[in-house]
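The structure under discussion appears below in the form of structure tokens.
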Amino acid sequence: MKVLTYPNPKLLKKALKVAVIDRSVNKLVRQMFDLMYKEGGVGLAAPQAGYSLRLAVINLTKKPPDELVLINPLIAEQSGSVIQEEGCLSVPGITAPVGRSARLVCRALDLNGNEINLTAEDLLARAIQHEIDHLDGVLFINRLEPEERQKIKKKLQELEHANNQRLK
Ligand code: NI
């Protein structure tokens, strides 16, 4: 399993709901955490691993007890706004300031199929919004102010070029 990178079209598709939380979902979650740790990230969404499923893993401390699994997540409430530098394993080598809600309540299912209502702020709120965006086929580079987008334009073109070469 590898992290797909921009401009892979699989990253731009709306993912499908997880219908049943079975052994294959459990296995996928484990593989996603392992891949995320290997790549040094704090969040990973299933489409980044090539799976069109509304499923994301987050671990801000990168230590196993803090593993958070979000299945079919949605944002039930949100408030405030913060602009902060953001990056993504699927857009390597690029960071840029992104505006996000400061606080939110996320509703999702865990691996046991239980509903979780998670109140989050700061980095966790940001990570949840970033991962849910992935499930909707949205990358952080799609949320930049025009002048910020302009600043990273060249690096994005380099990524496009590198990935197109790989596909040939
Ligand atoms: Ni990302």
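Per the numbering used here, the very first residue in the sequence shown carries number 15; after that it's consecutive. Beta carbons: idealized from backbone N, C-alpha and C, even for Gly. Predicted model only: the values in this text are computed from it and were never measured.
Straight-line Cα distance separating residue j from residue i
i	j	result
Gly151	Lys27	4 Å
Glu145	Leu58	7 Å
Asn177	Asn40	30 Å
Lys167	Asn128	42 Å
Asp36	Pro160	43 Å
Asn73	Arg121	17 Å
Arg163	His148	18 Å
Tyr20	Thr133	31 Å
Val17	Gly54	12 Å
Glu174	Pro106	12 Å
Pro78	Gln171	36 Å
Thr75	Leu137	11 Å
Glu100	Ile108	9 Å
Contacts around residue i, its chain only, beta-carbon distance under 8 Å, and the 5 residues preceding and following it disregarded
i	result
Val43	Leu69, Val71, Val83, Leu125
Cutoff 7 Å; reference residue i; Cβ partners in own chain excluding five residues on either side
i	result
Ala116	Ser93, Gly94, Ser95, Val96, Glu135, Ala139
Met15	Gln45, Leu49, Ala63
Tyr65	Leu42
Residue i - partner residues in DSSP beta bridges
i	result
Ile130	Ala122
Arg117	Ser93, Glu135
Pro111	Glu99
Ile72	Gly57, Leu82
Leu30	Leu67
Burial state of residue i, where buried means 16 or more other Cβ atoms lie within 10 Å
i	result
Val34	exposed
Ser104	buried
Leu25	buried
Gln143	buried
Ala29	buried
Leu67	buried
Leu118	buried
Close-in-space but distant-in-sequence residues of the same chain around residue i (CB under 6 Å, 5 per side omitted)
i	result
Arg157	Val112
Cys102	Phe154
Ala110	Leu158, Glu162, Ile166
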